[in-house]
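Undergrad: Chains as they are written, first to last, in my numbering: chain E, 271 to 386; chain P, 6 to 265. Below are the structure tokens for one structure; questions will follow.
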């Protein structure tokens with residue numbers, strides 16, 4: 271449960287950085303996720319791509335909250351796309367959707383952020 | 006190319022069939038409801054409330070981690086979590102009551118909490134089981150709870166040890182609870198969870214096992230836009246309920262006399 275089995279690949283896209291999430295996101299993913307966030311740089315928007323997310327437990331949701339706090343502290347907005355219906359429901363259940371903008375595609379997220 | 010298409014098809018099919026974690030998460034709910042109120046439990050501040058996570062809270066955000074190490078030969082991580090789920094109320098410090106759902110700690114179930122406060126007052130609130138698998142389970146708080154957030158109970162095996170952990174990610178719900186936490190509430194909470202983990206350790210024959218506590222302030226900022234959460238305060242509503250007890254009792258007695 272604590273080992274990192276997710277990867278977070280960073281792509282710069284103008285004033286935004288897209289983070290491609292793959293695998294299982296748990297509390298054990300903290301170091302790799304925070305490294306990816308540091309690599310994202312001083313951009314205006316961080317877009318999380320959940321298309322290849324395989325598994326996430328409550329520890330993983332906790333990490334996203336911590337990431338959100340860090341992003342807010344740097345006046346960055348956090349957005350997400352590629353969430354399956356199941357993970358959208360989890361975002362709603364945990365009320366993470368009130369702070370993270372959820373979109374259907376990368377382009378929609380970038381458009382909403384005004385950085386496309 | 007054909008292989009790539011097949012891989013994509015499999016991925017889509019797997020997503021449509023449901024994620025591997027789907028059975029572990031509670032289903033989405035807009036408002037909480039309590040189906041069975043156990044005898045002796047006060048059911049206040051739960052029914053009709055929304056869940057509230059750290060994002061919806063008022064105070065500073067804290068991550069508090071409490072850990073106790075047990076010999077792995079005594080208990081595996083999975084067995085520890087199974088026992089913790091089964092006996093969850095028994096491990097709580099005296100004077101506090103966790104009324105477990107009839108079906109136990111399972112995703113989506115709601116439990117009532119009656120917590121001891123100074124002056125023989127009782128704080129009535131509850132939690133919902135947000136997530137539960139074989140190695141962890143998470144309880145999430147409703148509006149009005151002393152804090153907005155969740156507590157994850159987990160167990161992991163490291164070398165020859167099984168580490169039992171309770172981790173709280175929280176903000177005080179409103180300015181009154183924030184003040185209370187600052188004026189000794191945090192210490193009380195640390196003591197509460199340390200006692201709980203000690204009870205878990207004692208259950209597995211390790212009553213003197215040391216509990217390690219780690220407290221990190223994730224966000225020093227307060228969310229002043231959330232000050233109105235005080236409207237839902239379980240402390241205020243519980244106090245009102247307790248103070249009105251003589252009136253309710255008198256009304257009950259006069260009603261019975263009138264009917265009898």
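Ideal Cβ positions, reconstructed from N, Cα and C, are used throughout, including at glycine.
Under 8 Å between beta-carbons, which chain E residues line up against residue 61 (chain P)? List them in chain order, please.
TA: As a working mapping, residue 61 (chain P) is identified with position 56 in the second chain. The contacting residues are 365, 368.
Undergrad: What in chain P is Cβ-close to residue 351 (chain E), meaning under 9 Å?
TA: The count along the first chain starts at 1 and reaches residue 351 (chain E) at position 81. Correct list: empty, because the minimum Cβ distance to chain P is about 14 Å.
Undergrad: If you follow the alpha helix (DSSP H) that residue 305 (chain E) is in, where does it begin and where does it stop?
TA: Mapped onto the first chain, residue 305 (chain E) falls at position 35. Residue 305 (chain E) -> alpha helix (DSSP H) spans 300-310.
Undergrad: Applying a beta-carbon distance threshold of less than 8 Å, which residues of chain E neighbour residue 141 (chain P)?
TA: The residue given as residue 141 (chain P) occupies position 136 in the second chain. Under the 8 Å cutoff, chain E gives 271, 327, 328, 329.
Undergrad: Any idea if residue 221 (chain P) is buried or exposed, counting beta-carbon neighbours within 10 angstroms, 16 or more meaning buried?
TA: To locate residue 221 (chain P), count along the second chain from 1; it is residue 216. Counting Cβ neighbours within 10 Å, residue 221 (chain P) comes out exposed, since fewer than 16 surround it.
Undergrad: Measure the alpha-carbon distance for residue 135 (chain P) versus residue 259 (chain P) and round it to whole angstroms.
TA: Indexing the second chain from 1 puts residue 135 (chain P) at position 130. Indexing the second chain from 1 puts residue 259 (chain P) at position 254. Roughly 43 Å between the two C-alpha positions.
Undergrad: Of all Cβ atoms in chain P, is any one closer than 9 Å to the Cβ of residue 336 (chain E)?
TA: Counting from one through the first chain, the residue named residue 336 (chain E) turns up at place 66. Closer than 9 Å to some Cβ of chain P, the Cβ of residue 336 (chain E) qualifies, so yes.
Undergrad: Where do the N-terminal and C-terminal ends of the beta strand (DSSP E) with residue 294 (chain E) fall, by residue?
TA: Taking the first residue of the first chain as position 1, residue 294 (chain E) is located at position 24. Residues 286-295.
Undergrad: Check whether the Cβ atoms of residue 371 (chain E) and residue 348 (chain E) sit closer than 9 Å, and answer yes or no.
TA: To locate residue 371 (chain E), count along the first chain from 1; it is residue 101. To locate residue 348 (chain E), count along the first chain from 1; it is residue 78. Result yes, Cβ atoms of residue 371 (chain E) and residue 348 (chain E) sit closer than 9 Å.
Undergrad: Can you find a CB in chain E that lies within less than 9 Å of the CB of residue 223 (chain P)?
TA: Mapped onto the second chain, residue 223 (chain P) falls at position 218. Taking Cβ atoms only, chain E reaches closer than 9 Å to residue 223 (chain P), which makes this a yes.
Undergrad: Looking at the structure shown, is residue 349 (chain E) part of a helix, part of a strand, or coil, going by DSSP?
TA: For the purposes of this step, residue 349 (chain E) is taken as residue 79 along the first chain, with counting starting at 1. Here residue 349 (chain E) sits in strand by DSSP.
Undergrad: Under 9 Å, Cβ to Cβ, is there at least one residue of chain P near residue 343 (chain E)?
TA: Translated into positions along the first chain, residue 343 (chain E) becomes position 73. Closer than 9 Å to some Cβ of chain P, the Cβ of residue 343 (chain E) qualifies, so yes.
Undergrad: Is it the case that the Cβ atoms of residue 69 (chain P) and residue 173 (chain P) are separated by a distance below 9 Å?
TA: Taking the first residue of the second chain as position 1, residue 69 (chain P) is located at position 64. Taking the first residue of the second chain as position 1, residue 173 (chain P) is located at position 168. Yes; because the gap between Cβ atoms is below 9 Å, this pair is in contact.
Undergrad: Alpha helix (DSSP H) containing residue 196 (chain P): first to last residue?
TA: Position 191 of the second chain, counted from the first residue, corresponds to residue 196 (chain P). First-last of the alpha helix (DSSP H) with residue 196 (chain P): 191-208.
Undergrad: Under 9 Å, do residue 290 (chain E) and residue 275 (chain E) count as touching if we go by C-beta distance?
TA: Against the first chain, residue 290 (chain E) aligns to sequence position 20. Against the first chain, residue 275 (chain E) aligns to sequence position 5. For residue 290 (chain E) and residue 275 (chain E), no; Cβs fall outside 9 Å.
Undergrad: Using a Cβ-Cβ distance cut-off of 9 Å, determine whether residue 14 (chain P) contacts chain E.
TA: Reading the second chain from its first residue, position 9 is the one you call residue 14 (chain P). Unreliable placement is indicated for residue 14 (chain P), whose pLDDT of 48 sits below 50; the coordinate value is still reported in the next sentence. Not closer than 9 Å to any Cβ of chain E, the Cβ of residue 14 (chain P) fails to qualify, so no.
Undergrad: What residues in the stretch 48-72 of chain P bring their beta carbon closer than 9 Å to a beta carbon of chain E?
TA: For the stretch 48-72 of chain P, which is checked against every Cβ of chain E, the residues closer than 9 Å are 55, 56, 57, 58, 59, 60, 61, 66, 68.
Undergrad: Would you say residue 339 (chain E) faces chain P, with C-beta separation under 9 Å as the test?
TA: For this step, residue 339 (chain E) is matched to residue 69 along the first chain. Judged by the 9 Å Cβ criterion, residue 339 (chain E) is in contact with chain P.
Undergrad: Touch check for the stretch 113-126 of chain P and the stretch 37-55 of chain P: three-plus C-beta pairs under 8 Å?
TA: In short, these stretches touch, since the Cβ pair count reaches three.
Undergrad: Under 9 Å, Cβ to Cβ, is there at least one residue of chain P near residue 279 (chain E)?
TA: Translated into positions along the first chain, residue 279 (chain E) becomes position 9. With 9 Å as the cut-off, residue 279 (chain E) does not count as an interface residue toward chain P.
Undergrad: Have a look at the DSSP bridge pairing and note the partners of residue 371 (chain E).
TA: On the first chain, position 101 is the one that residue 371 (chain E) refers to. DSSP lists E:349 as partners of residue 371 (chain E).
Undergrad: State yes or no: is the C-beta of residue 90 (chain P) within less than 9 Å of the C-beta of residue 109 (chain P)?
TA: Reading the second chain from its first residue, position 85 is the one you call residue 90 (chain P). Reading the second chain from its first residue, position 104 is the one you call residue 109 (chain P). Closer than 9 Å, so yes.
Undergrad: Is residue 119 (chain P) helix, strand or coil when you go by DSSP?
TA: Along the second chain, read from residue 1 onward, the residue named residue 119 (chain P) stands at position 114. Strand.
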